[in-house]
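Colleague: One structure coming up, written as structure tokens, with questions to follow.
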Amino acid sequence: MSAGGAGRRAKDTGRRRILVTNDDGIYSEGIKLLAAALSEIADVVVVAPDREQSATSHSLTLHRPLRIRKLEESWWAVDGTPTDCVNLAVLHLCKDDKPVLIASGINFGSNLGDDVTYSGTVSATFEGTLLGIPSLAFSQQVGEHFSFEGGAAFARRMVEEVFAAEEVPADLLLNVNFPSGRFTGVEFTRLGRRVYQQTVVEKLDPRGRKYYWIAGTPEWKEESGTDFAAIDAGRVSITPLHLDLTDYRGLEGFGPLHQRLARLATAGAGPEAAVGGGGGRDVGDEAP
Ligand code: MN
């Protein structure tokens with residue numbers, strides 16, 4: 115592979131360096147198995163949160179200091195989020211010998227469809243591609259015959275295939291989900307849609323004060339070609355993602371709204387108009 119700096123090799127071992135992180139925490143089973151599997155083919159550095167950071171999304175810690183603790187050779191625990199870990203690893207711990215690939219996971223539980231926006235596992239890979247490093251997110255569905263073993267073995271073979279590729283884009287970002295039980299195939303998929311079922315449960319604490327819990331059972335729209343459908347059929351789901359959240363159909367489709375909003379500027383709205391009064395009344399009159 116040539117692009118993305120992935121042709122570089124780690125100095126010590128002559129093998130390519132992979133950063134492994136996750137959001138379940140550095141003591142979780144999934145990261146241990148992923149790191150062990152990838153160590154067979156690469157120089158693995160583990161930098162991961164010191165506790166569970168699931169559903170922390172793409173959060174970055176900017177308002178308190180971060181601490182790094184070395185647990186053993188090439189294993190570092192950080193008291194921050196997965197995104198913090200990727201930054202500390204790439205820009206500090208490994209700055210002289212940067213990883214050519216980032217692997218996040220294996221998460222306990224799938225990361226499918228709309229839920230990827232909550233996912234710390236997937237957000238670590240968003241951060242990886244922002245830093246110009248091809249990144250793979252791995253998640254394991256929880257269900258009958260649950261095991262991380264199959265996913266870890268698959269991840270190792272998948273990384274070998276990525277390393278063998280002629281060209282790997284620096285912004286390669288693949289969200290991989292493993293079904294529980296035996297894998298019946300591999301499918302490239304698009305993100306499925308969640309049927310919004312969330313509820314807020316209100317309870318009383320022992321002192322009589324109210325507290326709240328966000329609850330609900332996630333359900334999914336049944337559509338073929340989605341990550342959810344692939345997992346449901348026992349197949350490994352691979353969804354290519356990118357960080358461009360632009361709604362390109364919306365750029366066209368919201369035309370009438372665009373025209374109305376464009377009048378706001380031509381009518382003289384904006385800071386000067388707001389201070390000086392005058393123009394823009396024709397639009398502002400409709401405001402409550
Ligand atoms: Mn998690």
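Residues 115 to 402 (the working numbering) are what the sequence shown spells out, left to right.
A virtual CB, placed ideally from N, CA and C, is assigned to each residue, including glycine.
So does the segment 159-177 actually touch the segment 237-250, counting three or more Cβ pairs closer than 8 Å?
Modeller: Contact holds: three or more Cβ-Cβ distances are below 8 Å.
Colleague: Gly219 and Gly144 - do their beta-carbons sit closer together than 7 Å?
Modeller: Yes, the Cβ-Cβ distance between Gly144 and Gly219 is below 7 Å.
Colleague: Locate the beta strand (DSSP E) running through Ile328, then write down its first and last residues.
Modeller: Segment Lys324 to Ala329, the beta strand (DSSP E) holding Ile328.
Colleague: Can you tell me whether Val134 is buried or exposed, with buried defined as 16 or more other CB within 10 angstroms of its CB?
Modeller: Burial call: buried.
Colleague: Runs of 4 residues minimum, wholly inside the segment 274-362: which ones carry the alpha helix (DSSP H) assignment?
Modeller: List check, alpha helix (DSSP H) in window: 341-346.
Colleague: What whole-angstrom Cβ distance do Ile132 and Leu202 have, given they're in contact under 8 Å?
Modeller: Not a contact, Cβ separation roughly 16 Å.
Colleague: What is the DSSP secondary structure of Lys184, counted as helix, strand or coil?
Modeller: Lys184: strand per DSSP, three-state reduction.
Colleague: Exposed or buried, what is Met115 when buried is set at 16 or more other beta-carbons lying within 10 Å of its beta-carbon?
Modeller: Confidence at Met115 is low in this model, with a pLDDT of 49, below 50, so the placement of that residue is unreliable and no value is reported for it.
Colleague: Please report the Cβ distance between Ala269 and Ala151, rounded to the nearest whole angstrom; I am assuming they are in contact, meaning their Cβ atoms lie under 8 Å.
Modeller: Their Cβ separation, rounded to whole angstroms, is 6 Å, which keeps Ala269 and Ala151 in contact under 8 Å.
Colleague: If I measure Cβ to Cβ from Gly257 and keep anything under 8 Å in the same chain, skipping five residues before and after, which residues do I get?
Modeller: Excluding positions up to five away in sequence, the list reads Pro293, Ser294 and Gly295.
Colleague: Closer than 6 Å to a non-hydrogen atom of the ligand MN - does that hold for the CB of Asn289?
Modeller: Asn289 Cβ: outside cutoff for every heavy atom of the ligand MN.
Colleague: Identify which residue in Glu263, Pro248, Arg183 and Arg377 has its Cα closest to the Cα of Val276.
Modeller: Of the listed residues, the one whose Cα sits closest to Val276 is Pro248.
Colleague: Within 6 Å: the Cβ of Gly171 and any heavy atom of the ligand MN?
Modeller: One detail in the question is off: residue 171 reads as Ser in this sequence, not Gly. No, since every heavy atom of the ligand MN falls outside the 6 Å radius drawn around the Cβ of Ser171.
Colleague: Classify Arg349: buried if its beta carbon has 16 or more other beta carbons within 10 angstroms, exposed otherwise.
Modeller: Buried, since its Cβ has 16 or more Cβ neighbours within 10 Å.
Colleague: From Tyr362 to Asn291, what distance separates their C-alpha atoms?
Modeller: When rounded, the distance between both Cα atoms is 27 Å.
Colleague: Take Thr353 as the anchor and find which of Cys208, Thr340 and Leu180 has the nearest alpha-carbon.
Modeller: Answer by Cα proximity: Thr340.
Colleague: Just list the alpha helix (DSSP H) runs in the segment 127-175, keeping only unbroken ones of 4 residues or longer that don't cross its boundaries, in chain order.
Modeller: With a minimum length of 4 residues, the continuous alpha helix (DSSP H) runs that stay inside the segment 127-175 are 143-153.
Colleague: Would you list the one or two residues that DSSP bridges to Ala217?
Modeller: Looking at the DSSP assignment, Ala217 forms a beta bridge with Val134 and Leu250.
Colleague: Taking C-alpha atoms, which residue in Tyr310, Phe297, Val161 and Arg323 lies nearest to Glu187?
Modeller: Of the candidates Tyr310, Phe297, Val161 and Arg323, the one whose C-alpha sits nearest the C-alpha of Glu187 is Val161.
Colleague: Do Gly139 and Glu166 have their CB atoms nearer than 7 Å?
Modeller: Yes; because the gap between Cβ atoms is below 7 Å, this pair is in contact.
Colleague: Less than 6 Å between the CB of Asp138 and some heavy atom of the ligand MN, yes or no?
Modeller: Correct: Asp138 has its Cβ closer than 6 Å to the ligand MN.
Colleague: Assuming Asp198 contacts Thr243 (C-beta within less than 8 Å), just tell me the rounded distance between them.
Modeller: With 8 Å as the limit, Asp198 and Thr243 do not qualify as a contact, their Cβ atoms being about 16 Å apart.
Colleague: Measuring from the CB of Ser168, is there a heavy atom of the ligand MN at a distance below 6 Å?
Modeller: Answer for Ser168: yes, Cβ within range of the ligand MN.
Colleague: What's the C-alpha gap between Pro163 and Val200?
Modeller: In a straight line, the C-alpha of Pro163 is about 10 Å away from that of Val200.
Colleague: If you run the structure through DSSP and keep just helix, strand and coil, what is Phe262?
Modeller: DSSP places Phe262 in coil when its eight states are reduced to three.
Colleague: Relative to the C-alpha of Leu147, which residue among Ala251, Val204 and Glu263 is closest?
Modeller: The option with the nearest alpha carbon to Leu147 is Glu263.
Colleague: Of the choices Phe260, Asp137 and Leu207, whose alpha-carbon is the least far from that of Lys184?
Modeller: Selected option, being the one with the closest Cα: Leu207.
Colleague: Buried or exposed: Arg130, going by 16 or more other Cβ atoms within 10 Å of its Cβ?
Modeller: The residue is buried, with at least 16 neighbouring Cβ atoms inside 10 Å.
Colleague: Expressed to the nearest angstrom, what Euclidean distance is found between the alpha-carbon atoms of Ala266 and Pro332?
Modeller: Cα-Cα distance, rounded: 26 Å.
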